[in-house]
Amino acid sequence: IFSLLLLSSIVFSFARFTNESTIYFLSFGMVIGNILFPVWFFQGMEDMKPITIITFLARLIGTIFIFGVIKDASDYSLLILIYSLISIAIGIMGLFFVGIKFRVNYTIPTYASIKYQIAQGFQVFISMAAINLYTTTNTFLLGIFVNDTAVGYFSAADKIRTAVQNIIPILSQTVFPYVNKLLIESFSKFLLFIKKLLKY
Numbered sequence: 041i042f043s044l045l046l047l048s049s050i051v052f053s054f055a056r057f058t059n060e061s062t063i064y065f066l067s068f069g070m071v072i073g074n075i076l077f078p079v080w081f082f083q084g085m086e087d088m089k090p091i092t093i094i095t096f097l098a099r100l101i102g103t104i105f106i107f108g109v110i111k112d113a114s115d116y117s118l119l120i121l122i123y124s125l126i127s128i129a130i131g132i133m134g135l136f137f138v139g140i141k142f143r144v145n146y147t148i149p150t151y152a153s154i155k156y157q158i159a160q161g162f163q164v165f166i167s168m169a170a171i172n173l174y175t176t177t178n179t180f181l182l183g184i185f186v187n188d189t190a191v192g193y194f195s196a197a198d199k200i201r202t203a204v205q206n207i208i209p210i211l212s213q214t215v216f217p218y219v220n221k222l223l224i225e226s227f228s229k230f231l232l233f234i235k236k237l238l239k240y
């Protein structure tokens, strides 16, 4: 809700964004998909294979759908909608898979539980938010001051940089649950693993 309010305030504060407001709000489905997908659960269970399978299947179906529906450049809003629906489908499939395989029963959390989790994870949240802010703000700021062509060139080059740079976060996210478990079991084992990981 906070993200949607923030998006709305940005879109309606700048004329160039307001003109394409439909695109921005259709894109918001990708945020919903990311919220729904329980990547944290798969990390905690140290079972990352389902993420690959679910994402691959949903994107494969989406790609087939794109080739069948998109006919020319004017269909770009439809393309954004398909991307958003794929993201939401991946999120729902992830929740469904967790419910079946791990027999997880979903309940609506209490206010006290939400408050506790926010307090416990606030420092991690601020850290992640700060990283996202400085890595994604460049394109947004550039879009305010220069034309779409320049933003397009920058965005394309930035995506290549991001793809290479994302190798480290993927590695850290994958080993994070294992490292936590090691730390509880034995500090010496934890230290040994960290040294070995740092070497690679």
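For the sequence shown, this note's numbering gives the first residue as 41, with consecutive numbering after it. In this text, a Cβ means the ideal position worked out from N, Cα and C, and glycines have one as well. Predicted, not measured: the structure shown is a model, and the values here were computed from it.
> Count the other CB atoms within 10 Å of the CB of Val-144; is the residue buried (16 or more) or exposed (fewer)?
Replying inline: exposed
>> Tell me the rounded alpha-carbon separation between Met-158 and Ile-75.
In response: This sequence places Ile at residue 158; Met is not what is there. Each residue's Cα considered, the two are about 15 Å apart.
>> Please report the straight-line C-alpha distance between Leu-46 and Lys-229, rounded to a whole angstrom.
In response: 44 Å
> Ala-150 lies in the alpha helix (DSSP H); which residues open and close that run?
Replying inline: For clarity, residue 150 is Thr in the given sequence; the question names Ala instead. Looking at the DSSP string, Thr-150 is not in any alpha helix (DSSP H), and its letter there is neither H nor E.
> For the candidate residues Phe-162, Gly-161, Lys-199, whose alpha-carbon lies nearest to that of Gly-178?
Replying inline: The question names Gly, but residue 178 in the sequence shown is Asn. Checked all of Phe-162, Gly-161, Lys-199; the closest Cα to Asn-178 is Lys-199.
> With distances taken from CA atoms, which of Phe-96, Ile-122, Val-186 is nearest Phe-107?
Replying inline: Ile-122
> Got a sec? Which residues, its chain only, sit under 8 Å from Val-186 by beta carbon, not counting five neighbours each side?
Replying inline: none
>> Quick check on the burial criterion: 16 or more other C-beta atoms within 10 angstroms. Buried or exposed for Ser-117?
In response: exposed
>> According to DSSP, is Gly-85 part of a helix, a strand, or is it coil?
In response: Note that residue 85 is Met in the sequence shown, not Gly. Coil, per DSSP.
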